[in-house]
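Quick note: the sequence shown uses our numbering, first residue 340, plus one each step.
Yeah, the Cβ is synthetic: ideal placement off N, Cα and C, and Gly gets one too.
All values reported here derive from a predicted model rather than from experimental measurement.
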Amino acid sequence: MSVTTWIYDFLFTLYLFTASDFSTVLLPQTLFALFSAFSGQFTTSSWQAEPQMTLTTRLFRVVLWIWLQLLVLDLSNQRLPDSIAEDIVNKPWRPITSDRITAEGARRLLIASIAITLATSSYLGVTSEALLLFMFNWMYNDLGLANSHWLLRNLMNALGITTIGAGATRVACGDLTFMAVPATRWWLLCGGMLMTTIHAQDMYDQQGDAVRGRSTAPLVLGDGVARWTVGAGVLFWSMASEWIFSLNVILLLYNSPLSPKGYHA
């Protein structure tokens with residue numbers, strides 16, 4: 340095997356580990372981070388205050404950081420015996436189940452990816468978010484919280500994805516200082532949405548989840564009931580978000596210089 344072929348094969352293996360998360364996490368969280376930073380609502384000044392960091396640079400950094408986090412999470416999960424048994428049924432194309440790499444090889448790759456991810460996070464100023472994700476990863480996979488109860492599984496997924504969004508937004512904003520209250524309020528809202536609807540992703544994996552004995556909402560509540568709870572969650576947050584954003588607009592207008600309260604002659 341030539342060096343070029345080996346490099347391509349290695350990169351393709353890394354891609355396969357994280358492929359399932361491209362459309363569900365990488366793309367939406369990248370857009371979330373860039374739009375949040377561009378809004379200027381989470382920082383003490385708009386991102387134009389850092390003209391030396393172009394949009395392309397921000398995009399590259401955000402995508403790299405999110406992908407590294409996903410690589411650590413996916414390696415941690417897919418190397419476990421129960422996950423291998425599930426992937427044989429649900430995703431036989433993944434690297435371990437397709438014999439591209441062994442579970443031991445994935446473990447060694449995990450160790451290297453943790454070191455690279457931590458170093459990258461330190462350089463980008465998001466070490467706290469990376470360490471928090473490592474802890475959630477340990478709880479989700481090694482402590483088995485993803486398997487014990489569907490509510491705990493939803494909670495861990497919501498915490499993980501929200502933390503990825505928060506870290507990615509910090510990366511997109513660069514060195515600008517966060518305004519803690521608006522940012523935290525927004526992330527809590529996103530976390531609530533995820534907590535009550537993320538089991539929609541478990542509909543597709545029911546056969547494999549049943550093989551490994553995982554307690555997901557579709558398996559515990561039943562497919563029909565689980566689908567209704569997702570619909571109810573979407574309906575609730577659609578109405579709640581409108582109310583929350585309307586309240587924020589009212590508060591902004593009330594505190595603006597043009598309002599009776601904000602005007603000073």
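Assigned secondary structure, residue i (DSSP; H/G/I helix, E/B strand, else coil)
i, result
"Leu419", "coil"
"Gln380", "coil"
"Pro367", "helix"
"Ile432", "Reading off the sequence, residue 432 comes out as Trp, not Ile. Coil."
"Ser437", "coil"
"Ala388", "Residue placement at Ala388 is flagged as unreliable, the pLDDT there being 44, under the threshold of 50; a coordinate-derived value is accordingly withheld."
"Met340", "coil"
"Gly444", "helix"
"Val573", "helix"
"Val465", "coil"
"Thr395", "helix"
Buried versus exposed, by CB contacts within 10 Å (16 or more), residue i
i, result
"Ser467", "exposed"
"Glu425", "buried"
"Leu590", "Because the pLDDT at Leu590 is just 44, under 50, the model does not fix this residue reliably, and the value given afterwards should be weighed accordingly. Result: exposed."
"Thr523", "exposed"
"Val510", "buried"
"Ala372", "buried"
"Pro367", "exposed"
"Ala565", "buried"
"Ala505", "buried"
"Gln380", "exposed"
"Ser378", "exposed"
Anticipated Cβ contact below 8 angstroms, residue i with residue j, distance rounded
i, j, result
"Leu355", "Trp432", "7 angstroms"
"Ala442", "Ile435", "6 angstroms"
"Val559", "Val428", "That belief does not hold up - the Cβ atoms of Val559 and Val428 are roughly 19 angstroms apart, past 8 angstroms."
"Thr363", "Gln540", "7 angstroms"
"Gln408", "Ile346", "Their Cβ separation, rounded to whole angstroms, is 23 angstroms, which puts Gln408 and Ile346 out of contact at 8 angstroms."
"Ile583", "Leu528", "7 angstroms"
"Ser461", "Val411", "With a Cβ gap of about 15 angstroms, Ser461 and Val411 do not count as contacting."
"Thr501", "Gly530", "4 angstroms"
Distance cut-off 6 angstroms: residue i Cβ against heavy atoms of the ligand GTP
i, result
"Leu366", "In terms of ligand content, the structure shown is empty, and the ligand GTP therefore cannot be addressed."
**Item:** alpha helix (DSSP H) runs wholly inside the stretch 527 to 562, at least 4 long, in chain order
**Value:** 545 to 551 and 556 to 560
**Message:** Could you tell me which whole alpha helix (DSSP H) segments of length 4 or greater appear in the stretch 467 to 513?
**Reply:** 484 to 487 and 489 to 512
**Request:** Mind the definition here: the stretch 484 to 492 touches the stretch 432 to 447 only if three or more C-beta pairs lie below 8 angstroms; say whether that holds.
**Result:** no
**Prompt:** Is there contact between the stretch 452 to 460 and the stretch 393 to 409, where contact requires at least three CB pairs shorter than 8 angstroms?
**Reply:** yes
**Request:** Pair every Cβ in the stretch 564 to 583 with every Cβ in the stretch 526 to 545, then say whether three or more of these pairs are closer than 8 angstroms.
**Result:** yes
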